[in-house]
Structure formats: structure tokens, C-alpha cells
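Below is one structure; the comments refer to it alone.
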Amino acid sequence: MGYRCSFLVFAQSGNTSMNLTLKATVLTTAVVALLAGCSKPATEQTDASNAATPKTDTTLVVYSSRNEQLIQPLLSQFTEQTGIKVNLITDKEGPLMARLKAEGQNSPADLLLTVDAGNLWQASQEGLLQAVESTTLNQNIPAHLRDPANQWFGLSIRARTLVHNPDLVNASELSTYEDLADPKWKGKLCLRTSKKVYNQSLVAMLIDHHGEEKTEQIVKGWVANLATDVFPDDTKLIEAVAAGQCGVGIVNSYYYGRLEEKTPDLKAKLFWANQDSTGVHVNISGAGVTRYAPHQSEAVQLIEWLASDQAQNVYSNQDKEYPVLASVSVAPQLQAWGEFKQDSVNVAKYGELQAAAVKLMDRAGYK
């Protein structure tokens, strides 16, 4: 781009006998003044200051149990916008928490990123996280989706609800999780293994609502109604429902979304449970700042960014999960499933009641 200059005009002296030295001095002074009056246009100066990504030597270390291909695009966008680099280390939540305990105050980790409130609750109970104060997180994330002590925060909502084969089960026959214990569903129900934390959290929710005695009766009813052995994952369960091996099951909606995207004519439909009572059971993916985080303020900045409109749209469109931000619209695929009322119990209860839920499922014969 060109330069904008302010020119100085010199009047010619009437003294023609001015010596050469004086003339040279005047000429030099004029050139210096001329260049001093030149500058880049204001718009070019502003563009140059805003064009580059902010530079920083900070590298955050994130321990994550989330699938790398789901979370890395978000972290890359964060780095692009802030200049803060992120070193992502992935493993199962158990080994990651064991690693944090073993490393102690020498841990390089700044953030623990994982799924299920039960896992985050356990991390906080074992002293692996620290409380943080963030007006942004308190405003953006509903109270029931974050730790009451501010040690961890939900970043996406994962609805665990009913899936059915419309050729075998009419939606009008469905209602609640509790109703699946009714003998009318004998030989028609499919469940994922009780060893998975998602089902432990679901049963913990039922304990919170009904107490242990009634919840044990419900779970025993589920077991009595099983069409086949429990499944190792939700995808295989949905495929079994679609194939007619069972009429109804309980799954996380994002598993359904991913399978539906690959198989548009999938013979399985979602049904939002408990809409006339407590609402659909929801869980979260979330994060907490580690107790000895070397870069505490930047770690909080990353969580705040993950709770922003931009990141929340990625959770919905790419990961098939629901945003925690009410202002963010869900992806069209999720919109097609219809709106639902979610259970408002604080998800920290899933961790508090997890041990009781595991023992109860064992007593009920839920494998």
C-alpha cells in the first residue's frame, strides 16, 4: 500500500550568493522533514496489528478420555484464535486419574477433559481438581450441569433415552424408564452392560428419585424382561433393535445420531422418556482444572472457550451432542428428533450415588 505524506514548502531565498554548504544543509533538512511527514494509512496500521494470531509461549497440557478425532478440531480452533498451544494426551479416564495421582504436584497436566459426571465427581473427590471462579462459566453453564463447588463444568449434554423398532413397538406404548420393568416388555428389552458408567449414572438418578428399594425393583424388572444378553456398547444395541432382536432399549442419543447418519433408513427411532414426570436422563462431557495446573489462568480460558457459541456449535454438529448454552441452536439432525424436557437433578448426584448404584445392579442380577 502507498504512503500518505505531509510536504514542507520552502520559499526560495532572494540571496543568490548563498554558499554551497548552506544550500546543502537546507536541502538535507528538507528531506528529513519530508520523510518524517510520511506514514502508513491508519487502516493499514490497524490491519497489521490484528492480522496475526496472538503470540505466546504457553503450551497447555490436556489429559483427555474423549476420542481424539472429536476433541482435536476444537483445540486446534482454540490455538488458532488465542495462540495458546495445546498438547493433548489421551487415555481411559481410570489411567488418566491414576497418572494425575502418581505425578502429584509435578504433573504437567493443566486440564482433565472427560465424559460422565460420575468420572468428574470422582476426580474432584480424589483431590485431582481445583475450584475456579469464572463469571463466564457460571453464566453460560446451567447449575445442574456443573459441580456445586466449581471444580468441574459440563460442556455438552448427552441424553440417555429410549430407542425402539417402530415395526415392533408403537411410540404410544412407551413412556418411562420405570415402565420398562413392567412384564408387558418381557422378551422385548435390550440393555447395555451395567459395567458402563452411563448405566451406573442412570441407576444413580433413579435412586435419587425413588430410593434404593424401589429402584432395585425397577432394575430387577429390566433384567426379567431382557430379550438377550447385555450388549458391550450402544451401537450394537441400536443395531439389534433395528434388526428386530428386541423392541426397545436404552441408549445415548449421540450413538443413535452417528448410526443414523451412516444408515438413513435405520429401522430404529428415538423416544424421549419421562416427559410427563422427571424428564430425560442427561449426562455430560466436561472438564476441570487440575489441582497443580502450571497454567491455571490459561486452563480456565480454554474451558470458557469450550463453553462459547463457536465451540458449542461444533459439539452439536459434529459430535451429535446437545449444547449446554441455551442460546445455541442444535444441529438440524438433532432438531428432527424433537425437543425434550431434561431431568434437572444436579449431575454430581451420579457420582455421589455411583457406589450404591453398582451394588444395587449387582444385587438385581444386572450384568
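Taking this note's numbering, I'd label the letters of the sequence shown as residues 107 to 473.
Glycine included, C-beta positions come from ideal geometry on N, C-alpha and C.
Can you pull the DSSP bridge partners for Y360? Locating residue 360 in the sequence shown gives position 254, counting from the first residue. According to DSSP, which records beta bridges pairwise, Y360 is partnered with nothing at all.
Cα-Cα separation, E150 to P214: Position 44 of the sequence shown, counted from the first residue, corresponds to residue 150. Position 108 of the sequence shown, counted from the first residue, corresponds to residue 214. Interpretation of E150 is limited by its pLDDT of 36, a score under 50 that renders its predicted location unreliable; the figure taken from the coordinates is listed afterwards. Each residue's Cα considered, the two are about 41 Å apart.
If we count the other Cβ atoms within 10 Å of its Cβ and call it buried at 16 or more, is A277 buried or exposed? Indexing the sequence shown from 1 puts residue 277 at position 171. It is exposed - the Cβ of A277 has fewer than 16 other Cβ atoms within 10 Å.
Which residue from Y421, G457, D468 puts its Cα closest to that of Q178? Against the sequence shown, residue 178 aligns to sequence position 72. For the residues Y421, G457, D468, the minimum Cα distance to Q178 belongs to Y421.
Residues near A265 by beta carbon distance below 6 Å, same chain, minus five either side: As a first step, residue 265 is located in the sequence shown; it is residue number 159 there, counting from the start. For A265, where only same-chain residues beyond five positions count, the Cβ hits under 6 Å are S359, V386, V388.
Return no unless some Cβ of chain D is closer than 8 Å to the Cβ of V386. Here there is only one protein chain, and chain D is not present.
Starting from the Cα of A405, find the closest Cα among L297, D382, I247, L218 and give me that residue. Counting from 1 along the sequence shown, the entry for residue 405 is found at position 299. Minimum Cα distance to A405 is reached at L218.
When DSSP labels each residue in this structure, what does H315 get in the three-state scheme? Numbered from 1 along the sequence shown, position 209 holds the residue referred to as residue 315. Reduced to three states, the DSSP call for H315 is helix.
Measuring straight from C-alpha to C-alpha, what distance separates L166 and S182? In the sequence shown, counting from the first residue as 1, residue 166 sits at position 60. In the sequence shown, counting from the first residue as 1, residue 182 sits at position 76. Each residue's alpha carbon lies about 12 Å from the other.
Ordered list of beta strand (DSSP E) runs contained in the region 224 to 250, each at least 3 residues: none
Do W328 and Y472 have their C-beta atoms closer together than 8 Å? Here the question's residue 328 lines up with position 222 in the sequence shown. Here the question's residue 472 lines up with position 366 in the sequence shown. A contact, by the Cβ cut-off of 8 Å.
Residues bridged to N389 by DSSP? The residue labelled residue 389 in the question sits at position 283 within the sequence shown. R264, per the DSSP bridge assignment.
Return the first residue and the last residue of the beta strand (DSSP E) that I344 is part of. For the purposes of this step, residue 344 is identified with residue 238 of the sequence shown, where counting begins at 1. Segment 340 to 348 is the alpha helix (DSSP H) holding I344; no beta strand (DSSP E) there.
Inter-residue Cα distance where the pair is N246 and S391: The residue given as residue 246 occupies position 140 in the sequence shown. The residue given as residue 391 occupies position 285 in the sequence shown. Their Cα atoms are separated by approximately 15 Å.
Using three-state DSSP, classify F446 as helix, strand or coil. Numbered from its first residue, the sequence shown carries residue 446 at position 340. Looking at F446 - three-state DSSP - the assignment turns out to be coil, as it is neither helix nor strand.
Does DSSP put S278 in a helix, in a strand, or in coil? Counting from 1 along the sequence shown, the entry for residue 278 is found at position 172. Note: S278 maps to helix in three-state DSSP.
Could you please give the first and the last residue of the uninterrupted beta strand (DSSP E) stretch that includes K465? For this step, residue 465 is matched to residue 359 along the sequence shown. Looking at the DSSP string, K465 is not in any beta strand (DSSP E); the run it does join, the alpha helix (DSSP H), is 460 to 469.
What does the Cβ neighbour count give for K207, buried or exposed, with the cut at 16 atoms within 10 Å? Counting from one through the sequence shown, the residue named residue 207 turns up at place 101. So K207 counts as exposed.
Considering only residues of the same chain and omitting the five flanking positions on each side of L141, which have a CB-CB separation below 6 Å? By one-based count along the sequence shown, residue 141 stands at place 35. Only weak support exists for where L141 lies, its pLDDT of 36 falling under 50; the coordinates are left without a value.
Every unbroken alpha helix (DSSP H) inside the region 163 to 203 [4 residues or more]: 174 to 188
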